[in-house]
Amino acid sequence: MRRRLALALAAAALWTVGIGVRLYGLQVVEHDRYRAEAAKRHLLHVELEPPRGTIYDVRGRELAVSIEVDSAWADPGEVDDPATAARLLAAATGEDAGLLARRLADRTKSFVWVARQLDPAVARRVRELGIGGVDFLREYKRYYPMGQLAAQVLGYAGIDQRGLAGLEHLYDDEVVGETGRKVLLRDARQVTAASPRFAGDDARPGAGLRLTLDAAIQHIAERELGRAVEASRATAGSVVVLDPRTGAVLAMASHPTVDLNRFPESDETHWRNRPVMDAYEPGSTYKMVTAAAALAHNLLDPSDVLDCEMGGITLAGVRIRDHHPFGRLTLREVIARSSNVGAIKTGLAAGEERLHAMSRAFGFGAPTGVDLPAESAGDLRPVEQWWPLTKAYVSFGQGLAVTSLQLAAAFGAVADGGTLRRPYVVAEVAVPAAGPGGRRAAAAKSGPAVAGRPVSEATARELERMLEAVVTEGTGKRAAVPGYAVAGKTGTAQKAIPGAGYSPTRFVASFVGFAPARRPALVAAVILDEPWPRYHGGEVAAPVFARIVEPALLYLGVPPEPEPADEPLPETPAAAPAPELLLSGLAAAEAGA
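Once you know that position 507 of the sequence shown is 511 in my numbering, the rest is easy, because the numbers rise by one and skip nothing.
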């Protein structure tokens with residue numbers, strides 16, 4: 005019995021020593037490894053994406069918001085049959101089954117994405133599969149409540165919540181917010197829950213943007229532009245509406261457009277913000293600048309008479325034709341009836357130095373500084389690079405390129421008494437404050453600013469009355485708005501063919517103007533690219549201006565005004581002599597000066 009007892013005690017002692025050694029190995033020698041393995045299995049470190057700041061229109065309507073959605077993820081080590089799980093998940097989510105199978109088979113990882121930012125119905129189908137090792141996290145998805153409204157201005161945020169275009173990209177650092185971090189506990193059934201025992205930082209929402217855009221005016225502009233592009237069979241079009249008193253952009257439309265909630269599926273050529281990015285030869289709308297150059301230096305008066313030579317002029321051996329055989333016209337009539345020959349003679353009177361300087365003063369050849377990405381500066385060559393005939397072509401809007409935003413801003417300067425204002429889109433950046441629920445305003449990248457003063461107030465008023473005549477008596481009659489005086493200019497520009505001159509069948513039709521003419525509330529530019537078979541700006545673009553401006557003025561509460569007191573265009577004198585200055589300027593041009 006003693007021997008048996010001794011053997012039993014010895015065995016128990018050895019067993020106890022063995023257990024102790026094993027426990028020492030587990031709890032001391034391999035402590036760190038098992039602790040890490042336990043943390044890997046039961047603790048999940050998750051980065052919390054912040055909601056992007058909301059973008060509002062000028063009246064507080066939501067244009068871009070962040071909404072919470074489910075995203076599915078998996079721990080490959082907990083998925084029993086990766087191939088079958090991948091096939092089932094692919095059928096439920098639309099993801100690629102092969103890619104999912106490779107992810108789920110990677111046992112070196114404890115976290116892989118299955119599908120992100122799921123629609124509620126898709127998330128429900130994934131849950132109903134009941135696949136072990138698959139769980140969900142809440143993420144934020146960018147949603148655009150008004151679909152395609154102001155699509156190219158707003159831009160787009162990708163699945164990783166980074167801005168990829170438009171304001172979403174330009175203001176990404178302000179709108180994106182700060183990432184948070186949390187530690188989640190998982191029990192044996194892989195149910196996850198946040199634990200108060202572990203510290204973490206909540207995600208901080210991004211700043212909100214309040215724009216100058218008015219959703220109602222933007223809708224009107226997009227609706228009428230879309231109808232016009234379709235009716236005129238144009239390839240594309242754009243509209244800009246500004247407040248000439250501040251430079252605030254009230255609407256900026258491009259067509260074709262995109263649905264921002266389906267942005268990745270859309271045609272990339274539709275992403276262009278055309279008023280900002282596309283430069284074109286402005287044609288006769290540029291005659292306003294030519295007239296300004298002559299008027300500002302007292303070289304011509306609106307009543308001075310120019311011989312338009314019945315439809316053509318020869319300069320330096322080149323014949324330049326007019327769109328209509330005009331005889332003698334006053335400068336006021338030259339602008340109203342859009343005579344190319346009259347504009348050329350006006351440009352010759354001003355001279356290339358003054359014409360170039362006035363073009364620069366109105367902002368052409370340089371970006372406007374609008375707070376939108378990828379703005380084009382247009383093309384206005386230095387005067388030293390002008391050929392002998394450049395001043396003639398520039399006089400009626402050829403040989404240079406502008407954006408519709410530049411053109412709208414230039415006409416806005418006339419509307420605002422000669423003050424050129426920088427266009428801007430973001431009125432305010434609202435940054436989340438440190439306190440709960442608090443917000444504070446921060447400076448936007450742009451804002452109201454004076455960009456220059458190209459003409460005096462007196463010259464601006466002369467130009468305004470000349471532009472009114474375009475609508476009352478000239479080529480822009482279809483831009484008339486009942487109850488309001490309208491000032492503006494039509495444009496019909498032939499499109500250049502590289503190395504082959506100008507196309508006889510491809511045109512850019514435009515109308516730029518402001519209303520009410522004597523107390524302007526808005527200025528608008530309408531551009532249609534390659535309309536056919538009707539292609540004149542007065543035919544296809546001017547009516548679009550009227551259909552946008554009339555409801556916009558009523559919406560803004562601008563009261564109608566009495567008819568302008570100006571007399572109609574006078575009859576042109578039959579034999580009024582041309583000013584001596586014009587004759588000498590013409591002679592110099594013909595000599596190749």
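For every residue, glycine included, the Cβ atom is placed at its ideal position computed from N, Cα and C. Bear in mind that the values here come from a model prediction, so they are computed numbers and not experimental data.
Check	Outcome
DSSP bridge partner residues for Trp77 (one or two, in chain order)	Trp117 and Asp139
Identified DSSP bridge partners for Glu72	Tyr144
Beta-bridge pairing of Glu182 - partner residues as DSSP gives them	Arg208
Contact between the segment 218 to 229 and the segment 242 to 262 (3+ Cβ pairs under 8 angstroms)	yes
Glu432 - DSSP class collapsed to helix/strand/coil	strand
Other residues of its chain near Gly422: CB distance less than 8 angstroms, five sequence neighbours each side excluded	Arg457, Pro458, Val459, Ser460, Glu461, Thr463 and Ala464
Close Cβ partners of Pro86 (< 6 angstroms) along its chain, the five nearest in sequence each way excluded	Ala105, Leu108 and Ala109
Supposed contact pair Tyr284 and Ala405 - C-beta distance, whole angstroms, cut 8 angstroms	6 angstroms
Pro371 vs Glu379 beta-carbon contact at 9 angstroms	yes
Beta strand (DSSP E) segment containing Leu310, residue limits	Val309 to Asp311
Beta-bridge pairing of Gly561 - partner residues as DSSP gives them	Beta-bridge pairing links Gly561 to no other residue.
Inter-residue Cα distance where the pair is Ile71 and Pro377	26 angstroms
Coil, strand or helix - Ile317 by DSSP	strand
Contact check, Leu264 vs Tyr175, beta carbons under 9 angstroms	no
Contact belief for Glu357 with Val387 at Cβ below 8 angstroms, rounded distance in angstroms	6 angstroms
Same chain only: Cβ atoms within 7 angstroms of Asp84, ignoring 5 sequence neighbours per side	Gly136
Residues near Thr20 in its chain [Cβ-Cβ closer than 8 angstroms; skip 5 each side]	none
Supposed close pair Leu526, Leu217 - CB separation, criterion 8 angstroms	Actually they do not touch by this definition, with Cβ atoms about 13 angstroms apart.
Residues near Ala220 in its chain [Cβ-Cβ closer than 7 angstroms; skip 5 each side]	Tyr559
Identified DSSP bridge partners for Val253	Leu246
Under the three-state DSSP convention, the category Asp305 falls into	coil
Residues of its chain near Phe330, where Cβ-Cβ distance is below 6 angstroms and the 5 sequence neighbours each way are ignored	Cys312 and Ser343
DSSP three-state assignment for Arg56, whether helix, strand or coil	coil
Exposure label - Met292; buried when at least 16 CB within 10 Å	buried
CA-to-CA distance, Arg426 to Ala453, given in whole angstroms	6 angstroms
Any 3 or more C-beta pairs closer than 8 angstroms across the segment 475 to 483 and the segment 515 to 524	yes
Residue interval of the beta strand (DSSP E) (run including Gly230)	Not the beta strand (DSSP E): Gly230 falls in the alpha helix (DSSP H), residues Ala219 to Ser236.
Whole-angstrom distance between Glu554 and Pro563, CA atom to CA atom	11 angstroms
Counted within 10 angstroms of its Cβ, other Cβ atoms place Phe267 as buried (16 or more) or exposed	buried
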